[in-house]
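Each residue of the sequence shown is one higher than the one before, starting from -4 at the first, in my numbering.
Quick notes on the structure that follows.
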Amino acid sequence: VAALWGVFIWKEFKNSPKGTNGMLAVMFVLFVIGIVLIIYAGQ
């Protein structure tokens, strides 16, 4: 949740290098995959 606020609300990465947006996208995808795996492991 804190990462979402930092990226979308406070615009922490506004003046970052070009590759940063791709890395942020990968971070969010991996986060969602991790949540799905945790849910799957609990079943």
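Built from N, CA and C at the ideal position, the CB exists for glycine as well.
query	result
Is PHE8 near LEU19, with beta carbons less than 8 angstroms apart?	yes
LYS6 to VAL21, Cα distance in whole Å?	17 angstroms
For the alpha helix (DSSP H) that contains VAL27, what are its first and last residues?	14 to 36
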